[in-house]
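Presented below is the structure to which this report refers.
Number of protein chains: 2
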Amino acid sequence: MAVRVDLNISLDGFATTTDQTHDNPFGDDWPRLTGAYVATRTFRERVLHDSSGAGTTGVDDKYAEAYFAELGAEIMGAGMFGLHNFPDDPDWRGWWGDEPPFRIPVFVLTHTAPRPSIEMANGTTFHFLTATPQEALDRALEVAGGKDVRVGGGPTVVRDFLKAGLVDQLHVAIAPILLGRGVRLWDDLRGLESSYEVTSEVAESGTTHLTFRR
Amino acid sequence: MAVRVDLNISLDGFATTTDQTHDNPFGDDWPRLTGAYVATRTFRERVLHDSSGAGTTGVDDKYAEAYFAELGAEIMGAGMFGLHNFPDDPDWRGWWGDEPPFRIPVFVLTHTAPRPSIEMANGTTFHFLTATPQEALDRALEVAGGKDVRVGGGPTVVRDFLKAGLVDQLHVAIAPILLGRGVRLWDDLRGLESSYEVTSEVAESGTTHLTFRR
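What follows is the structure in structure tokens.
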């Protein structure tokens, strides 16, 4: 059992893009930041429900496969669920569609009023809670059945878990681009590497996969 | 003929450390940031005058060798020369010692009063000038004899040359550490990669060597 994180970041350390608008809901930066991951066969199959076998099968795909393997529960911030998009709509079921890629219990951290859990058809259940990182992790471990728990994001939530010393494995896919704006992953984490073994591997796409393991 | 940059940066993008004190003139961060480079056989021979053949000879050393090869002139900021350390001493000859590793003309950018050039025994001559990046580059090209010109640093000077579009090859050695403080290389360079081909290579030390080439 391990607590894992996987994030896509730019060379200059931005893990979330901030150029989304009503007319361009993903923005221009997001596809560039996540392009190598989105191009993998695993992402196409698991997230886009494309069973044609299309997609890359190299180093990027190896990490994409590992991303979904052996997971028993997921924790994410309210922003990653999409809670901020329609904050006044109690029926809003997030932006992950009717078949979210998780297929496991997902705990969504929120400071707003409690909401009933949402059960999807494919094994994904979204639970909403206001909790510290340790409390949220305890809840996730209870239902994970001895498998791993992933902290999905965004970067602010990930930083909270890293600073609390709760993360066993941090994998970042570093895209060779400079965004110059967004939310930084690395702020306020001086010396983090001293608790981990760090390895790096370069994919065919030019993405560098860096892993902190303890 | 190409204009080249080589810098050591941390995962969180810091190229200069700021924890130096009178009693600890290099600080604790600098050795960690530059450790893989300092450990190379080339650095030991060229900068530390250690002719024993000691030092690493892998990927890090390949880049260290390239660092010194085919150079006709160097440009650096006043801080990298050490001009700020004893600003009121007209006889201060910088912190590079009697045998600086350059062995070529070095142009030191400064906003302070003009100084006479300093000629060292081994072919290194320091010239001081107040100039724009383009003007400094023109001066360096005049004496480079058709060889490359390197912009040595610090990061603020490098950014000025990058933003002016004057750099043909940028090599950064990314140490797998988080400094959390210092001077950032990547600020205000959004989209820089679009003018370059970007490649990466991981060294035995865990350092990732990333190169922008045009």
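Taken in order, these protein sequences are the chains called A and B. Numbering of the first sequence is given in the numbering used here, commencing with residue 1 and proceeding in unit increments. Numbering of the second sequence is given in the numbering used here, commencing with residue 1001 and proceeding in unit increments. Every residue, glycine too, gets a C-beta built ideally from N, C-alpha and C. The structure displayed is predicted, hence computed values, not measured ones.
My output table needs one value for Phe-1043/B: the three-state DSSP class, helix, strand or coil.
helix
How many Å lie between Glu-1135/B and Thr-1021/B at the Cα?
34 angstroms
For the stretch 1201 to 1208 of chain B against the stretch 1162 to 1175 of chain B, do three or more pairs of beta-carbon atoms, one drawn from each stretch, fall closer than 8 angstroms, so that the two count as touching?
Taking 8 angstroms as the limit for Cβ pairs, the verdict is that the stretch 1162 to 1175 of chain B does touch the stretch 1201 to 1208 of chain B.
Report the option in Arg-213/A, Arg-150/A, Phe-212/A, Thr-208/A whose CA atom is closest to the CA atom of Gly-58/A.
Thr-208/A
My understanding is that Leu-1166/B touches Leu-1189/B, with C-beta atoms under 8 angstroms, so please give their C-beta distance in whole angstroms.
13 angstroms between Cβ atoms; not a contact.
Can you find a C-beta in chain B that's less than 9 angstroms from the C-beta of Thr-34/A?
For Thr-34/A, the answer is no, since every Cβ of chain B falls outside 9 angstroms of its Cβ.
Provide the residue span of the beta strand (DSSP E) that contains Leu-71/A, from first to last.
For Leu-71/A, the enclosing beta strand (DSSP E) begins and ends at 71 to 77.
If you draw a straight line from the C-alpha of Thr-124/A to the C-alpha of Arg-103/A, how long is it?
4 angstroms
Of all the alpha helix (DSSP H) runs that stay within the bounds of the stretch 97 to 180 of chain A, which reach a length of 4 or more residues?
Annotation: the stretch 97 to 180 of chain A contains the following complete segments of the alpha helix (DSSP H) (minimum length 4 residues), in chain order: 133 to 143, 155 to 163.
Reducing DSSP to helix, strand and coil, say where Glu-204/A ends up.
coil
Are the C-beta atoms of Arg-214/A and some chain B residue less than 9 angstroms apart?
Closer than 9 angstroms: no.
What's the C-alpha gap between Gly-53/A and Glu-45/A?
7 angstroms
Count the CB pairs spanning the stretch 93 to 103 of chain A and the stretch 1009 to 1028 of chain B that are closer than 8 angstroms, and state whether there are at least three.
no
Please compile the residues from chain A whose C-beta is within a distance smaller than 8 angstroms of the C-beta of Trp-1030/B.
Chain A residues near Trp-1030/B: none, gap ~15 angstroms exceeds 8 angstroms.
Buried or exposed: where does Arg-1184/B fall if 16 or more other Cβ atoms within 10 Å of its Cβ makes it buried?
buried
Considering Cα atoms alone, identify which of Asp-89/A, Arg-93/A, His-84/A is closest to Leu-110/A.
According to the sequence provided, residue 110/A is Thr. The question's Leu does not apply to it. It is His-84/A whose Cα lies nearest to the Cα of Thr-110/A.
Counting only the same chain and skipping the five closest in sequence on each side, list residues whose C-beta sits under 6 angstroms from that of Asp-1006/B.
Counting only Cβ-Cβ distances below 6 angstroms, and skipping sequence neighbours, we find Tyr-1067, His-1171.
Using only CA atoms, which one of Glu-1065/B, Ala-1078/B, Leu-1210/B lies nearest to Ala-1113/B?
If we check each option's Cα against that of Ala-1113/B, Ala-1078/B comes out closest.
Counting only Cβ-Cβ distances shorter than 8 angstroms, please list the residues of the stretch 191 to 205 of chain A near chain B, keeping chain order.
Interface annotation for the stretch 191 to 205 of chain A against chain B: Gly-191, Leu-192, Glu-193, Val-198, Thr-199, Ser-200, Glu-201, Val-202, criterion Cβ-Cβ distance under 8 angstroms.
Kindly give me the distance between the Cβ atoms of Arg-1041/B and Thr-1018/B, rounded to whole angstroms, as I take these residues to be in contact under 8 angstroms.
Arg-1041/B to Thr-1018/B, Cβ: 30 angstroms. No contact.
Would DSSP call Arg-1093/B helix, strand or coil?
coil
When the Cα of Glu-1074/B is compared with those of Phe-1126/B, Ser-1010/B, His-1049/B, which residue comes out closest?
Selected option, being the one with the closest Cα: Phe-1126/B.
What does the Cβ neighbour count give for Asp-1029/B, buried or exposed, with the cut at 16 atoms within 10 Å?
buried
Would Leu-192/A and Phe-212/A be called neighbours here (beta carbons separated by less than 9 angstroms)?
yes
Identify the continuous beta strand (DSSP E) that holds Ala-15/A and give its terminal residues.
14 to 16
Beta strand (DSSP E) containing Arg-4/A: first to last residue?
3 to 10
Looking at the secondary structure, which residues open and close the alpha helix (DSSP H) in which Pro-31/A lies?
29 to 38
Please tell me whether Thr-56/A has its Cβ less than 9 angstroms away from any Cβ of chain B.
Taking a beta-carbon distance threshold of 9 angstroms, Thr-56/A does not count as an interface residue toward chain B.
For Glu-119/A, which residues in the same chain have their Cβ closer than 6 angstroms to its Cβ, ignoring the five residues on either side in sequence?
Thr-125
Verify the CB distance criterion: does Thr-17/A have a CB-CB separation below 9 angstroms to chain B?
no
Interface residues of chain A around Asp-1160/B at Cβ under 7 angstroms?
Among the residues of chain A, none has a CB under 7 angstroms from the CB of Asp-1160/B; the nearest is roughly 16 angstroms distant.
List, in order along the chain, the chain A residues whose C-beta lies closer than 7 angstroms to that of Leu-1179/B?
Arg-190
Against Leu-1011/B, what residues of chain A qualify as contacts under a CB-to-CB distance less than 7 angstroms, listed in chain order?
For Leu-1011/B, the neighbours in chain A by C-beta distance under 7 angstroms run, in chain order, Trp-186.
To which residues of the same chain is Arg-1004/B closer than 6 angstroms at the C-beta, ignoring the five residues directly before and after it?
Asp-1148, Arg-1150, Gln-1169
Using only alpha-carbon positions, find the residue among Ala-2/A, Leu-11/A, Met-1/A that is nearest to Ile-177/A.
Leu-11/A
Return the CA-CA distance between Pro-105/A and Leu-210/A, expressed in angstroms with no decimal places.
If you take the alpha carbons of Pro-105/A and Leu-210/A, they lie about 27 angstroms apart.
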